[in-house]
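A.B. asks:
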Amino acid sequence: MRTCTTLLALTLLGTLGAEEPKPRPILGVDPAYIQTSTSPCRDFYGYANGAFDKVPIPGEYAGYGVNQEIDERNEAILKGILEGAMRSSGPKGSLAQRVGDFYASGMDEALIEKEGLKPLAPLFTAIQALRTPREVVTELGHLQVLGVRAGFRFSIQVDDKDSSAMIASFGQGGLGLPERDYYFRPGPEAEAIRQAYQQHLERMFILAGEEAKAAKAAATAVLRLETKLAQASKTLVDLRDPQANYHKVARKDLSALAPGLEWETFFSAVGFPATEAQVLVGQPEFFKDLAGLLGSEPMETWRTYLRWQVLRSGASFLGSAFVNENFAFYGRTLSGTTELRPRWKRVLRAADFSLGEDLGQLYVKTAFSPAAKARALEMVRFHLEAMRARILAADWMVAATKTQALKKLDTMHTKVGYPDRWRDYSGLELSRRAFVLNVQAAQAFDFRRDLAKLGKPVDRNEWQMTPQTNNAYYEPTLNEMCFPAGILQPPFFDEKADDASNYGALASTIGHELTHGFDDQGRQYDWQGNLKDWWTADDAKRFEARADHIVKQYEAFEVLPGLHINGKQTLGENIADIGGLRVSYEAFKLATKGQKPKAVDGRSPDQRFFIAFAQGWRTNQRPEAIRLGVTTDVHSPIRWRVLGPVADFPEFRKAFGCEATPTTQAPTAIW
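For the sequence shown, this note's numbering puts the final residue at 688, and the numbers step up evenly by one.
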């Protein structure tokens with residue numbers, strides 16, 4: 018995501034000339050970004066990153082900063098791997114053959130243009146033949162297998178209340194706009210987006226062969242049906258309540274839950290095992306309404322909607338006309354991006370999604386050393402120790418709750434770098450055919466792989482992200498943190514960097530994910546990963562009171578004129594941001610205990626810790642992207658992911674000589 022190319026990447030791409038200067042060092046604390054004319058006490062983000070504000074956002078990005086910088090270095094490595102595999106290929110069924118053929122098919126623009134919509138013709142033929150609601154449900158199943166999430170979301174997951182078992186899960190979905198409120202939000206900007214979406218639908222149907230009048234009617238029908246699906250859907254805030262979205266239903270009772278929805282027909286279409294007697298239905302009301310719509314909406318509307326869902330899911334893998342139209346709405350209109358990403362980056366992303374651990378095996382050999390893994394694990398150990406101290410010091414918790422919290426902490430599992438056992442893709446058939454067919458094959462392979470987990474023990478060694486991913490996660494049902502090699506890269510992490518830099522920059526990663534285990538959602542899961550209340554009633558009330566302070570703190574932030582952060586929607590991430598900084602700071606102190614760290618460039622170790630934290634967020638964003646994030650994301654906009662956590666941090670104020678202000682008096686921190 019950012020054009021800061023390393024010596025390693027240049028070497029891999031074969032572009033490093035003998036006379037070229039060495040690339041600029043990648044620093045966790047980079048003085049070049051600091052704007053000393055801005056007071057760190059008044060605007061710490063502006064102080065740490067103000068000089069970066071003048072860096073333009075490349076056309077292919079909605080926002081441009083440190084994450085894009087890391088992504089681009091990772092992409093350069095992966096590009097070298099993919100191009101090498103494409104040239105040399107390998108024996109049929111080998112890793113090299115799979116990776117090479119997938120990438121080659123995505124890069125073969127001539128074949129993609131020649132094939133047009135032909136690869137999707139069997140799907141369109143099947144859809145056009147639908148005549149009854151039961152047949153629609155069958156087709157919904159067939160499409161789910163291919164990764165087309167029409168109508169709703171179906172997946173296989175760990176049972177929230179029985180973390181030893183896998184279970185099928187149904188959830189609301191099937192919308193073309195980012196989330197349900199886009200269909201109802203008032204105001205000229207919201208209305209403009211709905212109009213742009215309808216025009217996008219029309220253009221897509223025209224590209225698919227419809228006449229203008231028919232395309233307009235089709236777009237109207239799709240928008241009308243999706244609006245009804247949205248009306249039946251919960252808001253983002255309501256979806257954040259795990260208890261309210263957990264409903265285990267006996268298979269035999271599904272017909273009574275949503276009469277008119279042929280559940281067994283769907284199960285037959287996806288190959289669901291007959292031995293599975295229960296499923297999860299996250300939002301029963303949605304499925305009741307969906308069942309009603311299957312009976313009340315004309316079959317032509319359902320056929321049109323399903324054609325659209327196929328086009329939407331496949332657009333990125335079709336010819337340039339579809340790619341460009343898809344980008345025009347989802348890229349330019351919704352996020353303000355002005356240029357389509359280069360083809361190789363788009364194909365690389367699809368390869369990462371489809372063959373991520375094949376790629377990962379090759380990536381980690383280049384980008385993540387055993388020494389780096391050992392250093393990262395040591396950092397995790399100090400974070401766990403710091404969190405233990407935070408729990409013990411929490412004067413608002415009684416001993417019984419602390420005992421359970423410590424048990425959860427002590428049993429928390431950590432994954433760093435890459436899996437101990439790689440995923441087996443040997444059953445995935447790929448060739449140098451039309452790109453969209455390879456994508457569908459990968460989706461179907463993954464679907465069947467997930468379905469095969471039913472009735473088997475939960476595989477706690479499986480990863481939910483690929484090793485090359487620049488991200489991290491906490492999974493409450495497994496009580497585990499995962500830090501892929503892709504995020505443990507400079508400037509976030511450097512095995513040779515000092516502690517102030519590493520602990521500060523990774524406060525938004527290690528400390529953040531650890532705190533997720535105890536945020537407003539994570540705290541509802543016990544040490545085994547079960548959705549189970551282990552809090553005393555009084556401690557739960559005290560937690561909620563503290564959380565309410567955070568809601569109010571963030572709702573006071575105005576990110577664009579008249580646009581405020583939704584404090585309830587972003588609560589979990591805000592708790593993790595605030596707590597993550599606190600836990601990482603105390604882990605930093607534990608790691609350097611007994612040492613006498615020296616100032617660097619005239620800045621104390623504490624100052625450098627906080628600057629590394631802030632610079633780890635340096636990003637310039639387009640207004641459209643900020644607006645999209647506020648309405649669809651559970652994270653706060655980037656600048657406020659710095660300003661919020663430091664607002665109630667006495668050690669920060671001390672480090673920079675800041676006086677306490679009214680905004681720092683409320684007890685916003687929980688951990």
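Note that beta-carbon positions come from the ideal geometry of N, C-alpha and C, so glycine has one too.
#1: Do F626 and F605 count as a contact pair if the criterion is CB distance below 7 Å?
#2: Rounding to the nearest angstrom, what Cα-Cα distance links G377 and D555 in this structure?
#3: Going by the DSSP bridge assignment, what does Y81 pair with across the sheet?
#4: Which residues in the same chain have their Cβ closer than 7 Å to the Cβ of L29, if we skip the five residues on either side of it in sequence?
#5: Determine the contact status of G204 and Q638, defining contact as a CB-CB distance below 7 Å.
#6: Going by other Cβ atoms of all chains shown within 10 Å of its Cβ, with 16 needed for buried, is E479 buried or exposed?
#7: Using CA atoms only, rank isn't needed, just tell me which of K269, D177, A238 is closest to N496.
#8: Just checking my contact of P508 with P484 at CB under 8 Å: how many whole Å lie between their CB atoms?
#9: Between which two residues does the beta strand (DSSP E) holding R349 run?
#10: Less than 7 Å between C-beta atoms, sequence neighbours within five positions excluded: which residues of the same chain meet that for S272?
#11: Quick check on F222: buried or exposed, where buried means 16 or more other Cβ atoms within 10 Å of its Cβ?
#12: Taking the alpha carbon of A308 as the reference point, which residue from P150, S181, S333, G299 has its own alpha carbon closest?
#13: Could you give the first and the last residue of the continuous alpha helix (DSSP H) run that contains Q174?
#14: In this structure, what does DSSP give as the bridge partners for I184?
#15: Please report the distance separating the alpha-carbon of D47 from that of T420.
#16: Give the DSSP bridge partners of K432, in chain order.
#17: If you follow the beta strand (DSSP E) that A261 is part of, which residue opens it and which one closes it?
#18: Mind checking H581: buried by the 16 CB within 10 Å criterion, or exposed?
#19: Per DSSP, which one or two residues make a beta bridge with H581?
#20: Using the beta-carbon count (16 or more within 10 Å), is F201 buried or exposed?
#21: What are the complete beta strand (DSSP E) segments, minimum 3 residues, inside the segment 47 to 132?
#22: Alpha carbon to alpha carbon, how far is R166 from S250? Give it in angstroms, no decimals.
#23: Just confirm the distance between the C-beta atoms of L523 and Q326, as a whole number of angstroms; I'd bet it's less than 8 Å.
#24: Using a threshold of 7 Å, state whether the C-beta atoms of V651 and E575 are closer than that.
#25: G191 and G168 - do their beta-carbons sit closer together than 7 Å?
#26: Bridge partners for Q161 per DSSP, in chain order?
#27: Is V453 closer than 7 Å to P3 when the C-beta atoms are compared?
#28: Using 7 Å as the threshold, is the C-beta distance between G596 and T532 below it?
#29: With a cut-off of 8 Å on the beta carbons, I'd call A275 and F304 a contact; round off their distance for me.
#30: Please say whether F464 and L445 have beta carbons closer to each other than 7 Å?
#31: Short check: CB of L468 to CB of N455, under 7 Å?
#32: Grab me the residues of S105's own chain with a C-beta within less than 8 Å of its C-beta, minus the 5 sequence neighbours each way, in chain order.
#33: Which whole-angstrom value is the C-beta distance of G82 and T587, which I expect to be below 8 Å?
#34: Does L577 pass the burial test, meaning 16 or more other C-beta atoms within 10 Å, or should it be called exposed?
#35: Which residue's Cα is closest to the Cα of I129: K245, F339, Y347?
#36: So, at 6 Å on beta carbons, what are the nonlocal neighbours of L357 in its own chain, with the 5 sequence-adjacent residues on each side left out?
C.D. replies: Reading off the structure:
#1: yes
#2: 47 Å
#3: N637
#4: At L29, the pLDDT of 28 sits below 50, so the modelled position is not reliable; the number obtained from the coordinates is stated separately. Here the set comprises A93, I94, G97.
#5: no
#6: exposed
#7: D177
#8: Between P484 and P508 the Cβ distance is about 19 Å, and since that is not below 8 Å, they are no contact.
#9: Where R349 is concerned, there is no enclosing beta strand (DSSP E), given that its DSSP letter is neither H nor E.
#10: W280
#11: buried
#12: P150
#13: Per DSSP, Q174 belongs to no alpha helix (DSSP H); it is in the beta strand (DSSP E), 169 to 176.
#14: Q174
#15: 42 Å
#16: C499
#17: Here A261 belongs to no beta strand (DSSP E), and DSSP marks it neither H nor E.
#18: exposed
#19: E575
#20: exposed
#21: 80 to 82
#22: 15 Å
#23: So it is not a contact: roughly 40 Å between Cβ atoms.
#24: no
#25: yes
#26: Answer is none; Q161 lacks a bridge partner.
#27: The chain is shown only over 18 to 688; residue 3 falls outside these bounds and no answer can be derived.
#28: yes
#29: 4 Å
#30: no
#31: no
#32: A113, G117
#33: Incorrect: roughly 19 Å between the Cβ atoms, too far for contact.
#34: exposed
#35: F339
#36: F344
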